[in-house]
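First comes the structure, then the notes that go with it.
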């Protein structure tokens, strides 16, 4: 968890200056400041089945050791017409 980045997409209605109400997508990206590490597919299957709390424990252990854990947040806002309609997520 300490070395994982993530993101969330939110769709909602909002006000734009040019055309009043409209659908907007807000995507939040969280990028680990201290580098990223990913599991291989086999490791992910093993950890998910045998040790599902590994990522949480890894994060807490890093904090307890005094490691500087942090993420940079980026926000992406798109109007519906700016998205790719062929994708299931904007």
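In our numbering, the protein residues as written are 1 to 90.
Glycine included, each C-beta is placed from N, C-alpha and C at the ideal position.
### Query
For residue 72, which residues does DSSP report across the bridge?
Translated into positions along the chain shown, residue 72 becomes position 72. Beta-bridge pairing links residue 72 to 31.
### Message
Any heavy atom of the ligand ATP closer than 6 Å to the beta-carbon of residue 42?
### Response
Ligands in the displayed structure: none, and consequently the ligand ATP is not present.
### Query
With distances taken between CB atoms, is the gap from residue 83 to residue 31 smaller than 7 Å?
The count along the chain shown starts at 1 and reaches residue 83 at position 83. The count along the chain shown starts at 1 and reaches residue 31 at position 31. Taking 7 Å as the Cβ cut-off, residue 83 and residue 31 do not qualify as a contacting pair.
### Task
Whole angstroms is fine: what's the gap from residue 52's alpha carbon to residue 61's?
Your numbering for residue 52 matches position 52 in the chain shown. Your numbering for residue 61 matches position 61 in the chain shown. Roughly 16 Å separates the two Cα atoms.
### Task
Less than 8 Å between the CB atoms is what I'm expecting for residue 68 and residue 34, so what's the real figure, rounded?
Taking the chain shown and counting its residues from 1, the one referred to as residue 68 is at position 68. Taking the chain shown and counting its residues from 1, the one referred to as residue 34 is at position 34. Correct: roughly 7 Å between the Cβ atoms.
#### Entry: Continuous alpha helix (DSSP H) stretch holding residue 50: start and end
Here the question's residue 50 lines up with position 50 in the chain shown. Element bounds for residue 50: 41-50.
### Task
Verify whether the separation of the beta carbon atoms of residue 63 and residue 26 is less than 7 Å.
Indexing the chain shown from 1 puts residue 63 at position 63. Indexing the chain shown from 1 puts residue 26 at position 26. No, these two residues do not count as a Cβ contact at 7 Å.
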